Amino acid sequence: MSQVNVVMCAGFSPSARVVRKALRRVSESADIRVISPCPAGAGLGKHIDVLASLDPSRTMVVEGCDGCCGMQSLIQYGIIPSRTVIVDKTATADEKAVAEAEKKILASLKEMGA
Numbered sequence: 000m001s002q003v004n005v006v007m008c009a010g011f012s013p014s015a016r017v018v019r020k021a022l023r024r025v026s027e028s029a030d031i032r033v034i035s036p037c038p039a040g041a042g043l044g045k046h047i048d049v050l051a052s053l054d055p056s057r058t059m060v061v062e063g064c065d066g067c068c069g070m071q072s073l074i075q076y077g078i079i080p081s082r083t084v085i086v087d088k089t090a091t092a093d094e095k096a097v098a099e100a101e102k103k104i105l106a107s108l109k110e111m112g113a
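Numbering follows numbering that gives the first Met the number 0, in which position 89 of the sequence shown is assigned residue number 88; successive positions increment by one, without gaps.
Now the structure itself:
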């Protein structure tokens, strides 16, 4: 199957760090393109173009909290992703939290046929 675009949480909370660590692991075994919404949110043209051109059927969002910054960024450009994963809130970015997030992400990718 073709590559899946993954728009990731842009925060720095422990849960956001879990998202980044889990995506780093997932990227070793799955064909994903990880995208941060921050540059587009700052108004940088080429990054806005990247977000606006994403195929919704091949795009998922992985959020570190219910603030859903990744989803909100996509909605600004008319993109509704195929899947949204919100990792469990955690006080520490420990191995258990990363492993659980990795499982959730991989399950969603599998549902997308990746």
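Just so it is clear, CB atoms sit at the ideal spot from N, CA and C, and this is done for glycine as well. Quick caveat: nothing in here was measured; it's all calculated off a predicted structure.
{"Query": "Residues near residue 14 in its chain [Cβ-Cβ closer than 7 Å; skip 5 each side]", "Result": "63, 64, 86, 88, 89"}
{"Query": "Ordered list of beta strand (DSSP E) runs contained in the region 23 to 79, each at least 3 residues", "Result": "31 to 34, 58 to 62"}
{"Query": "Close-in-space but distant-in-sequence residues of the same chain around residue 1 (CB under 7 Å, 5 per side omitted)", "Result": "57"}
{"Query": "Backbone secondary structure at residue 86 - three-state DSSP", "Result": "coil"}
{"Query": "Cβ-based burial, residue 74 [other Cβ within 10 Å; buried from 16]", "Result": "exposed"}
{"Query": "Identity of the residue in 60, 95, 93, 79 nearest residue 104 by Cα", "Result": "60"}
{"Query": "Status (buried if at least 16 other CB within 10 Å, exposed otherwise) for residue 69", "Result": "buried"}
{"Query": "Residue 7: first and last residue of the uninterrupted beta strand (DSSP E) it sits in", "Result": "3 to 7"}
{"Query": "Helix, strand or coil at residue 106 [DSSP, three-state]", "Result": "helix"}
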